[in-house]
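Undergrad: A single structure is presented below for examination.
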Amino acid sequence: MNVAAVLFTRDLRVHDNPALSASARAAEHVVPMFVHDPSLPAGEARRRFLAGCLADLASALQRRGGDLVELHGDPVHEAIRVAKAVGAAGIAVAADVSGYARSRERRLAAACSAERIAFRTFPGVTVVPPGSLRPGGGGSHYKVFTPFHRAWQAASWRDLCEAPRRISLPADLPKSWFRSHSGDGAAGESAARERLSAWLTHLQVYPQMHDDLAADRTSRLSPYLHFGCLSPRELAARVDGRPGAEPLLRQLCWRDFYHQVLFAFPQLRRRAYRPGVEDSWRDERDALEAWRSGHTGVPIVDAGMRQLLAEGWMHNRARLITASYLTKHLGVDWRAGGDHFFDLLLDGDVANNYGNWQWVAGTGNDTRPYRRFNPLRQAERFDPEGEYVRRYVPELADIPGKAVHEPWKLPPSARRRYPAPLALDVR
Ligand SMILES: Cc1cc2nc3c(=O)[nH]c(=O)nc-3n(C[C@H](O)[C@H](O)[C@H](O)COP(=O)(O)OP(=O)(O)OC[C@H]3O[C@@H](n4cnc5c(N)ncnc54)[C@H](O)[C@@H]3O)c2cc1C
Numbered sequence: 025m026n027v028a029a030v031l032f033t034r035d036l037r038v039h040d041n042p043a044l045s046a047s048a049r050a051a052e053h054v055v056p057m058f059v060h061d062p063s064l065p066a067g068e069a070r071r072r073f074l075a076g077c078l079a080d081l082a083s084a085l086q087r088r089g090g091d092l093v094e095l096h097g098d099p100v101h102e103a104i105r106v107a108k109a110v111g112a113a114g115i116a117v118a119a120d121v122s123g124y125a126r127s128r129e130r131r132l133a134a135a136c137s138a139e140r141i142a143f144r145t146f147p148g149v150t151v152v153p154p155g156s157l158r159p160g161g162g163g164s165h166y167k168v169f170t171p172f173h174r175a176w177q178a179a180s181w182r183d184l185c186e187a188p189r190r191i192s193l194p195a196d197l198p199k200s201w202f203r204s205h206s207g208d209g210a211a212g213e214s215a216a217r218e219r220l221s222a223w224l225t226h227l228q229v230y231p232q233m234h235d236d237l238a239a240d241r242t243s244r245l246s247p248y249l250h251f252g253c254l255s256p257r258e259l260a261a262r263v264d265g266r267p268g269a270e271p272l273l274r275q276l277c278w279r280d281f282y283h284q285v286l287f288a289f290p291q292l293r294r295r296a297y298r299p300g301v302e303d304s305w306r307d308e309r310d311a312l313e314a315w316r317s318g319h320t321g322v323p324i325v326d327a328g329m330r331q332l333l334a335e336g337w338m339h340n341r342a343r344l345i346t347a348s349y350l351t352k353h354l355g356v357d358w359r360a361g362g363d364h365f366f367d368l369l370l371d372g373d374v375a376n377n378y379g380n381w382q383w384v385a386g387t388g389n390d391t392r393p394y395r396r397f398n399p400l401r402q403a404e405r406f407d408p409e410g411e412y413v414r415r416y417v418p419e420l421a422d423i424p425g426k427a428v429h430e431p432w433k434l435p436p437s438a439r440r441r442y443p444a445p446l447a448l449d450v451r
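Each residue of the sequence shown is one higher than the one before, counting from 25 in this note's numbering.
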């Protein structure tokens with residue numbers, strides 16, 4: 025093949041990128057491209073992060089002799105336009121799982137076939153491709169995590185792909201196809217790889233520390249995994265066999281699990297996954313607003329919500345506590361909570377976000393749908409010194425030790441600055 029096009033979506037990397045590697049092997053010239061799609065709106069922080077990822081990807085491609093074509097519009101229309109203009113024999117893309125991504129793939133396949141351009145999808149968004157593991161008895165996907173985890177551990181994982189050494193663009197591509205970048209240096213593949221190398225030294229304490237809110241010892245790789253700056257398959261390979269790897273691999277398996285759920289149930293973002301489940305909620309606008317802004321009067325909940333507002337990220341344990349408080353204590357719809365998270369999280373991801381929200385709300389994959397997290401007990405267990413709360417709720421910064429978790433015991437001076445709890449059944 026003389027020319028091949030690669031459409032990047034959320035696989036923004038050159039290492040272990042099967043679509044890019046296969047195209048670079050098969051064709052003399054490769055045209056890597058990214059299309060900004062106006063029908064995929066993102067919050068400001070995620071847009072900035074994406075710009076950083078693209079800047080880093082463009083320079084990784086330039087170092088190999090190539091570059092990144094960057095266009096705006098409908099990805100199918102633009103990809104076909106570019107492929108025809110350069111005479112590409114094929115377009116390669118990473119297979120993705122959401123309803124939107126799959127319909128984009130179908131449209132692209134049809135458009136390629138009409139133009140006699142070869143179309144191929146490649147793995148890379150998950151460790152194990154969604155749909156490749158199926159339960160005995162003929163189901164389309166695993167509905168429960170534990171058997172999926174067992175099958176995932178026993179599965180053979182694909183080989184890693186080396187980053188191409190050289191990328192050669194066809195001659196005379198229009199200048200208007202390329203952008204000059206000044207992206208966020210904390211985003212992108214280089215930052216992801218540095219973060220991973222630095223964090224691997226903490227892997228051995230991950231089993232004991234990953235739930236400790238104040239210690240903040242999880243990898244914080246989720247935004248990089250979401251945008252594909254880091255291959256989950258490579259991450260699994262880098263940690264596998266090291267002390268502390270098991271629980272981290274388990275979290276990556278949860279990620280794969282929700283991806284195969286979304287693959288099989290594209291309505292995950294809007295419809296209760298569990299058939300016949302109670303899915304009616306209170307219309308509590310003031311409570312929802314107080315929750316969103318971190319003013320519920322329950323310190324551990326407010327700390328989590330304010331971490332989200334300040335950093336575009338929240339510790340997993342705090343995500344569980346805040347989501348459970350909204351749905352199980354305040355009785356507010358998981359969709360409202362999920363949408364707020366999705367707007368603000370740098371790692372906002374349809375599969376992981378709505379899969380986890382439904383799990384917490386009891387409409388999803390939890391085998392104990394009626395469980396609820398007691399925020400006070402969670403706070404005492406996972407923030408025993410109250411350090412996490414004091415870090416994010418400045419009104420309570422002078423309350424010592426774990427007393428900071430008990431709103432009804434706060435001194436009058438703190439009560440004047442901090443609201444009374446919305447739901448009192450948290451003791
Ligand atoms: C209500 C709720 C909403 C969530 N929304 C998202 C979201 O939009 N995007 C997102 O990536 N994660 C989401 N999670 C999962 C989890 O909270 C984050 O992945 C994790 O906190 C990211 O931090 P980390 O990279 O330091 O995780 P680590 O503990 O270092 O884990 C490594 C990786 O494993 C994956 N992972 C970890 N926990 C989970 C999990 N429970 N489910 C799926 N994958 C997991 C992530 O990709 C993560 O980066 C949500 C969890 C809850 C309870």
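Cβ coordinates follow ideal geometry from the N, Cα and C atoms, glycine included. Note that this is a predicted model, so its numbers are computed, not measured.
Taking the C-alpha atoms as reference points, what is the distance between A288 and D120?
TA: One-based indexing of the sequence shown puts residue 288 at position 264. One-based indexing of the sequence shown puts residue 120 at position 96. Rounded to the nearest angstrom, the two C-alpha atoms are 12 Å apart.
Undergrad: For L237, I'd like the list of residues in its chain whose CB is within less than 7 Å of its CB, leaving aside the five on either flank, ordered along the chain.
TA: For the purposes of this step, residue 237 is taken as the residue at position 213 of the sequence shown. Counting only Cβ-Cβ distances below 7 Å, and skipping sequence neighbours, we find H339, R341, A342, F406, D407 and Y412.
Undergrad: Quick check on this structure: which residue in L44, R37 and H39 has the alpha carbon closest to the alpha carbon of A29?
TA: As a first step, residue 29 must be located in the sequence shown, where it is residue number 5. Comparing Cα positions, the closest option is L44.
Undergrad: Going by the DSSP bridge assignment, what does V356 pair with across the sheet?
TA: Indexing the sequence shown from 1 puts residue 356 at position 332. BP columns for V356 point to R306.
Undergrad: In this structure, what does DSSP give as the bridge partners for E94?
TA: Position 70 of the sequence shown, counting from 1, holds the residue named residue 94. Bridge partners of E94: F58.
Undergrad: Who are the near neighbours of G155 in its chain, counting only those whose CB is closer than 8 Å to its CB and skipping five residues on each side?
TA: The residue labelled residue 155 in the question sits at position 131 within the sequence shown. Closer than 8 Å at the Cβ level, and outside the excluded window around G155, lie S164, H165, Q284, F287 and A288.
Undergrad: By the three-class DSSP mapping on this structure, what secondary structure does V30 have?
TA: The residue given as residue 30 occupies position 6 in the sequence shown. Correct three-state label for V30: strand.
Undergrad: Go ahead and pull the three-state DSSP assignment for G425.
TA: As a position in the sequence shown, residue 425 is number 401, starting the count at 1. Correct three-state label for G425: helix.
Undergrad: Run through DSSP, which three-state label would H39 get?
TA: Locating residue 39 in the sequence shown gives position 15, counting from the first residue. Here H39 sits in coil by DSSP.
Undergrad: Specify the secondary structure class of T145 as computed by DSSP and reduced to three states.
TA: Here residue 145 refers to the residue found at position 121 of the sequence shown. Strand.
Undergrad: Are there any heavy atoms of ligand 1 lying less than 7 Å away from the beta-carbon of S200, as far as the coordinates show?
TA: Taking the sequence shown and counting its residues from 1, the one referred to as residue 200 is at position 176. Every heavy atom of ligand 1 is 7 Å or more from the Cβ of S200, so no.
Undergrad: Using the beta-carbon count (16 or more within 10 Å), is K108 buried or exposed?
TA: By one-based count along the sequence shown, residue 108 stands at place 84. So K108 counts as exposed.
Undergrad: Out of curiosity, what's the CA-to-CA distance linking L445 and G372?
TA: Taking the sequence shown and counting its residues from 1, the one referred to as residue 445 is at position 421. Taking the sequence shown and counting its residues from 1, the one referred to as residue 372 is at position 348. Residue identity check: residue 445 is Pro in the sequence provided, not Leu. Straight-line Cα distance between these residues: approximately 28 Å.
Undergrad: What is the residue span of the beta strand (DSSP E) that G114 lies within?
TA: On the sequence shown, position 90 is the one that residue 114 refers to. That run of the beta strand (DSSP E) goes G114 to A118.
Undergrad: What does the Cβ neighbour count give for N380, buried or exposed, with the cut at 16 atoms within 10 Å?
TA: Reading the sequence shown from its first residue, position 356 is the one you call residue 380. Result: buried.
Undergrad: What separation, rounded to the nearest whole angstrom, lies between the Cα atoms of A375 and F281?
TA: Position 351 of the sequence shown, counting from 1, holds the residue named residue 375. Position 257 of the sequence shown, counting from 1, holds the residue named residue 281. Rounded to the nearest angstrom, the two C-alpha atoms are 9 Å apart.
Undergrad: How many angstroms separate the CA atom of S243 from the CA atom of T225?
TA: Counted from its first residue, the sequence shown places residue 243 at position 219. Counted from its first residue, the sequence shown places residue 225 at position 201. Taking the straight line joining both Cα atoms gives about 11 Å.
Undergrad: List the DSSP bridge partners of H53.
TA: Stepping through the sequence shown from its first residue, residue 53 is reached at position 29. The partner list for H53 (beta bridge, DSSP) reads V27.
Undergrad: State yes or no: is the C-beta of S437 nearer than 7 Å to some heavy atom of ligand 1?
TA: Here residue 437 is taken as the residue at index 413 of the sequence shown, counted from 1. The answer is no for S437.
Undergrad: Between A135 and V100, how many whole angstroms is the CB-CB distance? I'm expecting something under 8 Å.
TA: Locating residue 135 in the sequence shown gives position 111, where the first residue counts as 1. Locating residue 100 in the sequence shown gives position 76, where the first residue counts as 1. That pair is a contact at about 5 Å.
Undergrad: Would you say the segment 354-369 touches the segment 312-319, given that touching needs at least three Cβ pairs under 8 Å?
TA: Cβ pair count under 8 Å is three or more, so yes.
Undergrad: Pair every Cβ in the segment 32-40 with every Cβ in the segment 246-253, then say whether three or more of these pairs are closer than 8 Å.
TA: Touching, yes, given that three or more Cβ pairs across the two stretches are closer than 8 Å.
Undergrad: State the CB to CB distance for the pair G76 and A216, rounded to an integer number of angstroms; the pair is presumed to be in contact (CB under 8 Å).
TA: If you number the sequence shown from 1, residue 76 lands on position 52. If you number the sequence shown from 1, residue 216 lands on position 192. About 11 Å separates the two Cβ atoms, so there is no contact after all.
Undergrad: When burial is assigned at 16 or more other CB atoms within 10 Å of the CB, is N389 buried or exposed?
TA: Counting from 1 along the sequence shown, the entry for residue 389 is found at position 365. Label assigned to N389: buried.
Undergrad: Looking at ligand 1, does it come within less than 7 Å of D367, judged from the CB to the closest heavy atom?
TA: Within the sequence shown, numbered from 1, the residue matching residue 367 stands at position 343. Flag unset: Cβ of D367 not near ligand 1.
Undergrad: Cβ of V322 within 7 Å of any heavy atom in ligand 1?
TA: Within the sequence shown, numbered from 1, the residue matching residue 322 stands at position 298. Flag unset: Cβ of V322 not near ligand 1.
Undergrad: Comparing C-alpha positions only, which one of W181, M57, G97 and V152 sits nearest to R279?
TA: On the sequence shown, position 255 is the one that residue 279 refers to. The candidate whose alpha carbon is nearest that of R279 is V152.
Undergrad: Does at least one heavy atom of ligand 1 sit under 7 Å from the Cβ of N380?
TA: Counting from one through the sequence shown, the residue named residue 380 turns up at place 356. Yes.
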